[in-house]
Each structure stands twice: as C-alpha cells, then as structure tokens.
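There are 2 protein chains.
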Amino acid sequence: MGNKIRVGIVGYGNLGRGAEASIAQQSDMELVAVFSRRKPESVNVINPDVKVLHIDEAKNYTEKIDVMILCGGSATDLPEQVPAFAEMFNTVDSFDTHAKIPEYFASVDKVAQASGKTSIISVGWDPGMFSINRVMSEALLPEGNTYTFWGKGLSQGHSDAVRRVDGVKNGVQYTIPSEEVMKQVRNGENPDVSKNDRHVRTCYIVAEEGADTERIEKDIKTMPNYFVDYETTVHFITEEELKRDHAAMPHGGFVIRSGKTGEGNNQIVEYSLNLDSNPEFTASVVTAYARAAYRLNQEGQKGAKTVYDVAPGYISPKTAEELRKDYL
Amino acid sequence: MGNKIRVGIVGYGNLGRGAEASIAQQSDMELVAVFSRRKPESVNVINPDVKVLHIDEAKNYTEKIDVMILCGGSATDLPEQVPAFAEMFNTVDSFDTHAKIPEYFASVDKVAQASGKTSIISVGWDPGMFSINRVMSEALLPEGNTYTFWGKGLSQGHSDAVRRVDGVKNGVQYTIPSEEVMKQVRNGENPDVSKNDRHVRTCYIVAEEGADTERIEKDIKTMPNYFVDYETTVHFITEEELKRDHAAMPHGGFVIRSGKTGEGNNQIVEYSLNLDSNPEFTASVVTAYARAAYRLNQEGQKGAKTVYDVAPGYISPKTAEELRKDYL
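Sequence lines, in order, name chains A and B.
So in the numbering used here, spot 165 of the first sequence is number 165, and the numbers just go up one at a time.
Adding 1000 to a residue's 1-based position in the second sequence gives its number in the numbering used here.
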C-alpha cells in the first residue's frame, strides 16, 4: 500500500457508495476512511473492512489522507463542508448548481489559497465531462452551434413532481432526447430549438385504486414548468412493474458541436454517455479527479480549480512517458 | 490587431491551407505569414492579402510571430523542421507516426528546453482528440475495454494501393467501421475483435477500357496487408462518377470505452467525429492548440508537450471566469 494515494470519503449516500466502489477499481488509490454525520454503525459500506468514522473525526486525519472526496448535496452540504475541509485537505466535489458556481468557486478558492491545498470543484459528467466537451469542441470549431441533450435518464425532480399529483401512488419520469432533433443536429442542419424542444418526457405511473387516470394524465401534462412545454407521454403500470423495470438510475446524454470550416464543410463532434448507473459514473469521475487534485498539489498548484484547469494526463494513473508511448 | 496571438504557418499543402482558414475563424489570432519551400509566387493562399515568404526568411520573424504551426509531413518534414523551429519559436505540429512519437518528443523537447520555447507535438484528431478520449475514459472506467473505429473515411494509403492494380485507371478506398461490431460495443458486450474485424473496406474503381473487372476485383481483395484480412467490397464506376462523388476528403471515427462500475453496471463513453474535411478539421485542432502553446510559454511552461499536458481551458479563447460562469 506504500505509495498509494490515500483517499477519504465524506458523506455516504449513492455518490459516496459509488466513490467507495470506484476507489477499489483504481490501482494507485486506497480508501482510508468514510466520514459521515450519521452514527458510524448505521453506515452500510460495501466492503466491511472499510473504516467508518463520525465526520468530526476528520480533523485527526490531516496527516493520513491525501485527498477528500466530498459526496454531500449541492444545496446545503457542499457550500458549507468544502470550504471547511479545504482548510485541512485537498478536496474534490461534484457541486452542480450551475448558477452558483462562480460564488462557490470564490469561497473555496479563498480558503484553499490560504491553506495551500488544492480543491477541484464541480466534477462529474454535467458539470464535468460535458463541460469539457462544450469548451473544447467550440474552441476547435468557433463557427457553429453546441447542443446538449440529456437522457435517456431518470429525473429525480420530475419524478418527485409526478408523485405529488393527486391519485398517483408512485411513479417515475424519464427525460429523453428528441430523436428528430438529434438527427437534424447530426446532419449539420443547426436547428434553432429550445431545451424544451430537444427533449421529450415519459412517465410511468402507478395510480391509486379507483383513481381517474384520464384526469391524472391531464394534470401531469399541464403541470407548469415541469411538463406543460414538453411533449409528454404517460403510461399507467402496476406497482410490480415499477419495481421490476424502473428501479435503476440510468442516465446519460449527448454534447454535439456542429461547426463549419473552410468553404462550408460540416464538421460534427459528438460526446455521449450511456450510463446504467448515474451516481456510480459521477463517482468514478470524481475519483479520477481526486488523483489530479493530489498531483496538482504536489506540484504546488494550489487553490480552487475546475475541470478546465486539469490536463488530461493528471487524471490517469499512467506516467507521461507511458501515455505518449501507448495511447497517443 | 493589438493583442492578438501572432501566428505563422510553415508548409502549405492541405493542412496549411486548413490552418489559414482556421486562423481566420479565431477572433484572438492573426496570421502573420505563410512560409514555404516553394517560390512564394507559386503558393496559392486563400486570402490574397496574406504574406507568403520563403521558409529561409522565418528566422527574421522571431520577434513578430508568437507561435508557428508546422504543416509538413510526418515522414521527413516534421522530424527535421520542428527541432529547427523550436530553437526560435513556440510550435505546434501534427506528427502522426505513432510508433516514433517517443523519440520525436525527446528530440523536440531537448531543443525547446534549451531555447525556452514551448512545442506541442502530435496534435490533431488521431493522435489528438482521440488520444485524449482514450486516456480520460480509461481513467474514469479502469475496468473495461476501449475501442477505436476509424471512418467512414477516405484512406490515402489504400487508395494508392488500389490504383497500382493492373487495369485500374483510377480509384478510391473508404475505411468503414463495422456496424455490427459497433452495436456490440455500444451494448456493453465487449467483443474480442481485432482491428481488421472492426472495419470493412469499400473501393470505387474506374477500370481501364477493356480491363478484366473480375480479375481486378480478385487482385484487390487478395492484396496482402491492405485487403486480404478485411471484408472488402469493390464497385466499378465511371471517371465522371468518381470526380462527382468521391473528390472530397471525409473522415472521422469513434472512440468507445465500455466499462463496468459497482456490481456490474455498464457505462459507455463515446466520442465521435463526422468530418466533411479531414485536413480542415485537423488544422482546426492544431490552430486551437497554437493558442495553448503560446499561453503555456507565457506562463513559463517550456519544452515539448502533448495534448495530455494541456488543460482544456488553454485551448479556449475565453477566460477562466467566463468558462466557469457560462460553460461549466
């Protein structure tokens, strides 16, 4: 275990669990401990040998952990925890409230600059891999349009919304890219379409016994903000079907840049993800960037960073020589 | 023009021409001059206002050019020119002889370290964008397989080969990814297939008058190295059809990583290019990395670099603040 990167996890929901699984796949990392606000004995880690500690104990691990992966929520956990942890540790997180990223960056940067630590914020797939592809493909093809499509994926917010409809016992909602619009984009047609027109919504609903399914369908399709501006399909299924077919958390999406070069040649750059497990993939991205946070700090590159500041080689366990020889 | 990055182009074939077009699209760059071994008056640039000079004049431009884009061939031009130019200029090139990259890197690095210049080598789409995606997706998903598919694209080497067949007047060859194998990969089936099985080859041949087309087809399909191990289709067409339908230089391809996380969840990461013009896209990538070479040098990061050493933000004309606010 000598020279492995020593990693800690703070917060143990779906993302923390995914991080534990991902660290186990990375040959140059070891998981030192999971920190939680819950009672340690109530935290059900995958590998029973993993140490689980109360979050207040983290301060005793500054010499034993090279980088902390913060797995809390963006609404309240991360804005509070990451500045606190950046005083003591290199950190990585998946803060994903797009509109608040600048102020979040500033608050983490201030602490990390002072402490001499390195904090990579807003890592995952969007923000994260999709962000990288939006910026790089636009840099390569300045004349053109970038389209981001999300899905097919289970949307937590929209699933919550359908479950609040009167007469709905249970249900899920999938966001699905419009095949028609995707085809136009890939053909270089540069359609002028809003986010709403790029996606359709499909709901699988378990109705309460005797509920009026026509009214439920109408209530969903006309729901402001969530559904009214989208093409929405509602399917009624049984509780058994819901459990059998809709328990997973798939997601994914597409970033497509359609540009022109020279005298009107179409050039299409596409990046896509097709994920069986959204939280496990997000955790895998965060874990790879934990490596980068540690290495950047070793090189003296301190303060808050984003994926835009991290060269691809830093997230790989291979040496620069190996990458040049075997991957370039 | 005040603060624009001042760029020079060395060599003016398809790639140099593409670089001229790409620089014109980049708002923060200006093209200072094109340098060629040919007589300047015989070099037919796109914009007649662009200065064309003999390559021997480059040495007088060390104070007037921030970065040189080297557009020569990998076989003999670049191994000679890039070390020579790295004594005087920051450089970018598209050296693509994969097997020789380590020694090429070493020879450029030695010069650039001594001169204090920055040279980004082997930039383009493969090596280049595909290389980045191979490394990043493997870092995210350590357990899995990476598949690179090339095409649909016109292959210069294989087109030359079919044109050498007796009775062939003219012809082109396209490399095409196997749809069947791509489908298996995208389904997470991790097929164990060689490069040969991942691609099929399609030839469009203009036969000489009276030539035996059956014998030509057989000669092509049984040609060692080039065709014998591939599924190959041969179509006979007229010279007019060839000129009308096969004059462009399309190319592209796919890098697909199929990995597993947690307890066997499939995660698929795919990057693809669909290019009307291969040389124009390669030139667009090289041009964006010219910006990075200049900026890295401004920051004191000297010597030879590859795309693995360049953070995504460096190739974008936007500031780090803009990227965090508008693209993350």
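Every residue, glycine too, gets a C-beta built ideally from N, C-alpha and C.
### Task
Using a Cβ-Cβ cut-off of 8 Å, state whether residue 30 of chain A counts as contacting chain B.
Here residue 30 of chain A refers to the residue found at position 30 of the first sequence. It does not: the Cβ of residue 30 of chain A has no partner Cβ on chain B nearer than 8 Å.
### Query
Which ranges would you report for the alpha helix (DSSP H) in the segment 123-205 of chain A if only whole runs of at least 4 residues count?
129-140, 156-163, 179-186 and 195-198
### Message
Give me the chain B residues within the contact set of residue 57 of chain A, using Cβ-Cβ distance strictly less than 9 Å, ordered along the chain.
### Response
Along the first sequence, read from residue 1 onward, the residue named residue 57 of chain A stands at position 57. Within chain B, no residue comes near residue 57 of chain A; the closest Cβ sits about 27 Å away, beyond 9 Å.
### Task
Quick one: residues in its chain with C-beta nearer than 8 Å to the C-beta of residue 1323 of chain B, no 5 flanking neighbours on either side, listed in chain order?
Position 323 of the second sequence holds residue 1323 of chain B. Within the same chain, residue 1323 of chain B has close Cβ partners 1313 and 1316.
#### Entry: Stretch pair the segment 1302-1313 of chain B + the segment 1103-1120 of chain B: three plus CB contacts closer than 8 Å
yes
### Task
Leaving aside the five residues before and after residue 1043 of chain B along the sequence, list all residues of the same chain whose C-beta is less than 7 Å from its C-beta, in chain order.
Residue numbering aside, residue 1043 of chain B sits at position 43 when the second sequence is read from its first letter. Same-chain partners within the cutoff: 1012, 1034, 1036 and 1052.
### Message
At the 8 Å Cβ level, is residue 149 of chain A part of the contact set with chain B, yes or no?
### Response
Here residue 149 of chain A refers to the residue found at position 149 of the first sequence. For residue 149 of chain A, the answer is no, since every Cβ of chain B falls outside 8 Å of its Cβ.
### Task
Reducing DSSP to helix, strand and coil, say where residue 1316 of chain B ends up.
Position 316 of the second sequence, counted from the first residue, corresponds to residue 1316 of chain B. Coil at residue 1316 of chain B, not helix or strand.
### Query
Going along the chain, which residues of the segment 238-253 of chain A sit with their C-beta nearer than 7 Å to a C-beta in chain B?
none
### Task
Could you say if the segment 1107-1123 of chain B and the segment 1282-1298 of chain B meet the contact criterion of at least three C-beta pairs nearer than 8 Å?
yes
### Task
Kindly provide the ranges of any beta strand (DSSP E) runs that are 3 or more residues long and lie completely inside the segment 234-316 of chain A, ordered along the chain.
251-261, 265-275 and 303-305
### Message
So for residue 15 of chain A, helix, strand or coil by DSSP?
### Response
For the purposes of this step, residue 15 of chain A is taken as the residue at position 15 of the first sequence. Here residue 15 of chain A sits in helix by DSSP.
### Task
May I ask which residues mark the beginning and end of the beta strand (DSSP E) holding residue 1209 of chain B?
Indexing the second sequence from 1 puts residue 1209 of chain B at position 209. Unbroken run through residue 1209 of chain B: none, as it is neither H nor E.
### Query
If you draw a straight line from the alpha carbon of residue 1170 of chain B to that of residue 122 of chain A, how long is it in whole angstroms?
Translated into the one-based positions of the second sequence, residue 1170 of chain B becomes position 170. Translated into the one-based positions of the first sequence, residue 122 of chain A becomes position 122. Cα to Cα, the separation comes out at about 54 Å.
### Task
Provide the residue span of the beta strand (DSSP E) that contains residue 1030 of chain B, from first to last.
Here residue 1030 of chain B refers to the residue found at position 30 when the second sequence is read from its first residue. Where residue 1030 of chain B is concerned, the enclosing beta strand (DSSP E) stretches over 1029-1036.
### Query
With a Cβ-Cβ cutoff of 8 Å, do residue 277 of chain A and residue 1261 of chain B count as a contact?
The sequence position of residue 277 of chain A within the first sequence is 277, counting from 1. The sequence position of residue 1261 of chain B within the second sequence is 261, counting from 1. A contact, by the Cβ cut-off of 8 Å.
### Message
So for residue 1 of chain A, helix, strand or coil by DSSP?
### Response
Here residue 1 of chain A refers to the residue found at position 1 when the first sequence is read from its first residue. Because the pLDDT at residue 1 of chain A is just 43, under 50, the model does not fix this residue reliably, and the point stays unresolved.
### Query
Just curious, the beta strand (DSSP E) that residue 355 of chain A is in, first and last residue?
Limits of chain A in this structure are 1 at one end and 328 at the other, which puts residue 355 of chain A out of reach.
### Task
Could you tell me which of B:1269, B:1075 and B:1160 sits nearest to residue 1330 of chain B, measuring between CA atoms?
This structure leaves residue 1330 of chain B out entirely; chain B is present only between 1001 and 1328.
### Task
Output, in chain order, the set of chain B residues within a Cβ distance shorter than 8 Å of residue 98 of chain A.
Numbered from 1 along the first sequence, position 98 holds the residue referred to as residue 98 of chain A. In chain order: 1328.
### Query
Is the beta carbon of residue 28 of chain A less than 8 Å from the beta carbon of residue 5 of chain A?
Translated into the one-based positions of the first sequence, residue 28 of chain A becomes position 28. Translated into the one-based positions of the first sequence, residue 5 of chain A becomes position 5. Yes, Cβ-Cβ distance for residue 28 of chain A and residue 5 of chain A is below 8 Å.
### Task
Answer yes or no: does any C-beta atom of chain B fall closer than 8 Å to that of residue 323 of chain A?
Here residue 323 of chain A refers to the residue found at position 323 when the first sequence is read from its first residue. Taking Cβ atoms only, chain B reaches closer than 8 Å to residue 323 of chain A, which makes this a yes.
### Message
With a threshold of 6 Å on Cβ separation, who are the neighbours of residue 1229 of chain B within its own chain once the five nearest residues in sequence on each side are excluded?
### Response
Within the second sequence, the letter at position 229 stands for residue 1229 of chain B. Only 1196 meet the Cβ criterion.
### Query
In angstroms, rounded to a whole number, what distance separates the CA positions of residue 16 of chain A and residue 226 of chain A?
As a working note, residue 16 of chain A is residue 16 in the first sequence. As a working note, residue 226 of chain A is residue 226 in the first sequence. Approximately 29 Å between the Cα atoms of the pair.
### Query
Using a beta-carbon distance below 8 Å, is residue 1303 of chain B in contact with chain A?
Locating residue 1303 of chain B in the second sequence gives position 303, counting from the first residue. Not an interface residue.
### Query
DSSP state of residue 1120 of chain B, grouped into three classes?
Start at 1 with the first residue of the second sequence, and residue 1120 of chain B comes out as number 120. Strand at residue 1120 of chain B.
### Query
How long is the line joining the alpha carbons of residue 211 of chain A and residue 156 of chain A, rounded to whole angstroms?
Indexing the first sequence from 1 puts residue 211 of chain A at position 211. Indexing the first sequence from 1 puts residue 156 of chain A at position 156. Going by the C-alpha atoms only, they are around 24 Å apart.
### Query
Taking any Cβ of chain A, which residues in the segment 1154-1174 of chain B have a Cβ under 8 Å from it, in chain order?
none
#### Entry: Where residue 244 of chain A falls, given that 16 or more other Cβ within 10 Å makes a residue buried
For the purposes of this step, residue 244 of chain A is taken as the residue at position 244 of the first sequence. Classification of residue 244 of chain A: exposed, given that the 10 Å Cβ count is below 16.
### Residue of A:300, A:249, A:114 and A:283 minimising C-alpha distance to residue 24 of chain A
Counted from its first residue, the first sequence places residue 24 of chain A at position 24. Residue 24 of chain A has its Cα closest to that of A:283, out of A:300, A:249, A:114 and A:283.
### Task
Can you have a look at residue 1001 of chain B and say buried or exposed, based on whether 16 or more other CB atoms are within 10 angstroms of its CB?
Stepping through the second sequence from its first residue, residue 1001 of chain B is reached at position 1. Caution is warranted here: a pLDDT of 43 is assigned to residue 1001 of chain B, below 50, making its placement in the model unreliable, and the coordinate value is therefore given only provisionally. Burial call: exposed.
### Task
Go ahead and pull the three-state DSSP assignment for residue 231 of chain A.
By one-based count along the first sequence, residue 231 of chain A stands at place 231. Here residue 231 of chain A sits in strand by DSSP.
### Message
Please tell me whether residue 286 of chain A and residue 19 of chain A are closer than 8 Å, where the distance is taken between their beta carbons.
### Response
Numbered from its first residue, the first sequence carries residue 286 of chain A at position 286. Numbered from its first residue, the first sequence carries residue 19 of chain A at position 19. Contact flag set, yes.
### Identity of the residues DSSP links to residue 8 of chain A by a beta bridge
Translated into positions along the first sequence, residue 8 of chain A becomes position 8. DSSP output for residue 8 of chain A lists A:33 and A:68 as bridge partner(s).
### Message
Assuming residue 1067 of chain B and residue 1288 of chain B are in contact, meaning their beta carbons sit under 8 Å apart, how far apart are those beta carbons, in whole angstroms?
### Response
If you number the second sequence from 1, residue 1067 of chain B lands on position 67. If you number the second sequence from 1, residue 1288 of chain B lands on position 288. Contact flag wrong, Cβ pair sits at about 12 Å.
### Task
For my contact list, residue 1185 of chain B and residue 1191 of chain B are in at a C-beta cut-off of 8 Å; report their separation, rounded to the angstrom.
Within the second sequence, residue 1185 of chain B is the residue found at index 185, counting from 1. Within the second sequence, residue 1191 of chain B is the residue found at index 191, counting from 1. Rounded, the Cβ-Cβ distance is 7 Å, consistent with contact.
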